[in-house]
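Residue numbers (full-length UniProt numbering), protein chains in the order written: chain C, 1 to 193; chain V, 1 to 193; chain Z, 1 to 193; chain X, 1 to 193. Quick reminder that beta carbons are idealized off the backbone N, C-alpha and C, glycines included.
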DNA sequence: GATGAATGAGTGTTCATTCAT
DNA sequence: AATGAATGAACACTCATTCAT
């Protein structure tokens, strides 16, 4: 691997832009290469094939975000607060990179099952962190001890993901970050009056 | 349109099976035609192009389900109960057709952005019903008057969708229907103890 | 298989011309299609892939020749005469098709090992016929009972093949057919005075 | 040219091994360089291009063998005996280098027409020696004065070549050297009883 | 002399759609 | 209405060669 070489990062970043601007199926290797300012063949000095570029996009970018969450979890705060940090961090992560938001929420989902399976592997690291927050909250009595962890995880992730996707499909025209408190509140208290 | 002709339905059903069994990208028009027992060219007497078949799959099948929900809403029950009927109905709908579940949760999401926008148009009818339940619940004081309808809708839909997708990705090996009460409870009360 | 359809033969013949005129590595599928007067995609209705075209070229054309030899062998003539018919038939076969001669003697030998292995399978049918002539000649006392059949076969085939290849490499500028009697004589009597 | 520098020979030897072990089309310049223990670019300090390496392989190795034959011809022996020395020498040459045998009999024949014409230029030196033996034999009355020198040459070379190729294709699993007397006998006396 | 990272031209194959029958 | 043979555009990847160091 040559992940430390500057061209590796250069190509990953170019892939995000090429996919966001042209769409998944129209982001040919030659377009990515052009965007990165390298020759087509150079791509293959850093990636085995096109799929490797795409999985790397997700792994590298998601990795940045997982780091943020990991740091938030280490803090001496309640599970409730950690959950907020996760939601807000997730929103902030994609809010700060319009292209990346389009790629993760819309384009990368068009990939074939093989690639999506690999993407899910990366996603698992995120879901494990979420689970640990949920477990901690239950242990500390902050969250309802009766809840099914798997269902709760699906509610949290499903709500966050759907919120971001809607924001992207609406051309990111409102402020995603401002929604964090209300999403947090809904997840914790539900809709009941 | 020739939606009433028997071959129209025949082709739509064949498309569901072809996609579920071969995957979105491997469900060529010729495979759908073979599954439907017609010639390739015949497809084009009933659909303008391949995209039309796929959008029809979603429209026809989703239509069946929307009818169910519409009937549930007419009943003289509380908004809370209507919400339960919707969740349970959604689960029951996909629980009763394994192929369709695979197609809506996994395969159709690989379609390009254009098709997905069109699918979302169809989905809107469903979301409008969901909104009406939410509004009714707020008016009747069952749901918190402070909630943002859009966010609440995204939580409900995101949670349901993620729950079903997880079930499909786990090869539908547990009983989806049994999860309805807990999902309903989580949405209403949240995770807080 | 669709070997009886006229387009099958049309494509095989086009391949011979395309390869002879452009060389093995420059005979792209698109060139063969153009020569055959069909679209590129049409090729794949009759052949699984490019290699299939090439092996078919050899099989179909070699088949024609093997038939000739089979008929010659049935005749009520001596093994010595049968051997002459084989040599003369081989020369006549390639003499009658300049393009095919170039393809079998020069171009097809550039194919990769896989393809050459398959070509050798076809060639085996020819060598079996040769062996049967040799055995018959030995039994009838026409040929030396001491000779090693395998070596004799290699001498006969090696001599014929080298003679034709030289003729092709010299741009087929002399009369190959006239060499048959002398080649026959050399094989039977050797060089000794 | 830099044929005397140690790296020149080093690269030629590496090419033989790389081609024999990987096949003609899989013997990339980078593989030859690696086998020779030099950088890719270094190859181009000694050879104009890849074709130059391959022609050098044939020239250098064939040259060794031609020397042997030249010495054999100088001896005070009959043309018949010289012919035997040539056959036996040819067999011995390739028998002593398994890699080289694969390269000359199988792999190098996959090269394009251009390269094969150049290889034939090198081969000519060998064929001239063969011709001189044939002429001497005729003059001395050992060989039939009626034979066509060119055809006789093609018989001798074709038989030897086909014999060696068969041996290589059979994974060199029998003793090639033992075949020399019988091949010699066949060429001289033919198959007739 | 030696290196090796970078280059970029070149091609077999698939499949949605058409149209003569 | 129905057929299915024919079409042809579109793209990831390899590898011989170069040249700045």
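- Taking a C-beta distance under 7 Å as the contact criterion, residue 53 of chain X and residue 18 of chain X do not qualify as a contact pair.
- Contact fails between the stretch 126 to 143 of chain V and the stretch 164 to 183 of chain C, because fewer than three Cβ pairs, one in each stretch, are under 8 Å apart.
- When rounded, the separation of the alpha-carbon atoms in residue 58 of chain Z and residue 122 of chain Z is 8 Å.
- Closer than 7 Å to the CB of residue 147 of chain Z there is at least one CB belonging to chain X.
- In the DSSP assignment, residue 25 of chain C falls outside any alpha helix (DSSP H), carrying neither H nor E.
- For residue 189 of chain V, the enclosing alpha helix (DSSP H) starts and ends at 180 to 189.
- Interface annotation, residue 143 of chain C: in contact with chain V, CB-CB separation under 7 Å.
- With a threshold of 7 Å between beta carbons, residue 192 of chain V makes contact with chain C.
- In this structure, residue 61 of chain X places its C-beta atom within 7 Å of the C-beta atom of residue 100 of chain X.
- Comparing C-alpha distances from residue 166 of chain Z to each of X/170, X/127, X/84 and X/171 shows the shortest one belongs to X/127.
- Of all residues in the stretch 65 to 96 of chain V, none places a beta-carbon less than 7 Å from a beta-carbon of chain C.
- The beta carbon of residue 102 of chain C sits closer than 7 Å to those of 20 and 168, all from its chain and outside the five residues before and after it, given in chain order.
- Interface flag for residue 189 of chain C against chain V is set, since a Cβ pair is found closer than 7 Å.
- Straight-line spacing of the CA atoms in residue 117 of chain X and residue 111 of chain X works out to 10 Å.
- Leaving aside the five residues that flank residue 24 of chain C on each side, the residues in its chain whose CB is nearer than 6 Å to its CB run, in chain order, 107 and 110.
- Taking every protein chain shown into account, the CB of residue 174 of chain X has fewer than 16 other CB atoms within 10 angstroms, so this residue is exposed.
- Sorting Z/41, Z/86, Z/64 and Z/188 by C-alpha distance to the C-alpha of residue 72 of chain Z places Z/86 at the top.
- Checking the DSSP bridge columns, you'll see residue 143 of chain X partnered with Z/192.
- Of all residues in the stretch 164 to 180 of chain X, those with a C-beta nearer than 9 Å to a C-beta of chain Z are 165, 166, 169 and 179, reading in chain order.
- Taking 7 Å as the cut-off, the beta carbon of residue 193 of chain X is found closer than this to the beta carbon of residue 144 of chain Z.
- Here DSSP, grouped into helix, strand and coil, assigns residue 77 of chain X to coil.
- Here the C-alpha atom of residue 65 of chain V lies approximately 7 Å from the C-alpha atom of residue 90 of chain V.
- Annotation: Cβ neighbours of residue 183 of chain C in chain V (cutoff 8 Å, chain order): 151 and 155.
- Taking the beta carbon of residue 111 of chain V as reference, the chain C residues within 8 Å of it are 110, listed in sequence order.
- At least one CB of chain X lies nearer than 7 Å to the CB of residue 159 of chain Z.
- Between residue 22 of chain C and residue 34 of chain C a beta carbon distance of about 11 Å is seen, past the 8 Å cut, so the two are scored as non-contacting.
- The beta-carbon of residue 123 of chain C is placed no less than 7 Å from the nearest beta-carbon of chain V.
- Interface flag for residue 186 of chain C against chain V is set, since a Cβ pair is found closer than 7 Å.
- The beta carbons of residue 190 of chain C and residue 159 of chain V sit no closer together than 7 Å.
- Per DSSP, the unbroken alpha helix (DSSP H) holding residue 168 of chain C starts and ends at 149 to 169.
- Shown here, residue 15 of chain Z sits in a helix according to DSSP, grouped into three states.
- Listed along chain X is no residue with a C-beta nearer than 9 Å to that of residue 127 of chain Z; the closest approach is about 10 Å.
- Only those residues of the stretch 44 to 61 of chain C whose C-beta falls short of 8 Å from the nearest C-beta of chain V would be listed, and there are none.
- Rounded to the nearest whole angstrom, the C-alpha separation of residue 149 of chain Z and residue 92 of chain X is 22 Å.
- Judged by DSSP secondary structure, residue 30 of chain Z falls within the alpha helix (DSSP H) whose first and last residues are 29 to 36.
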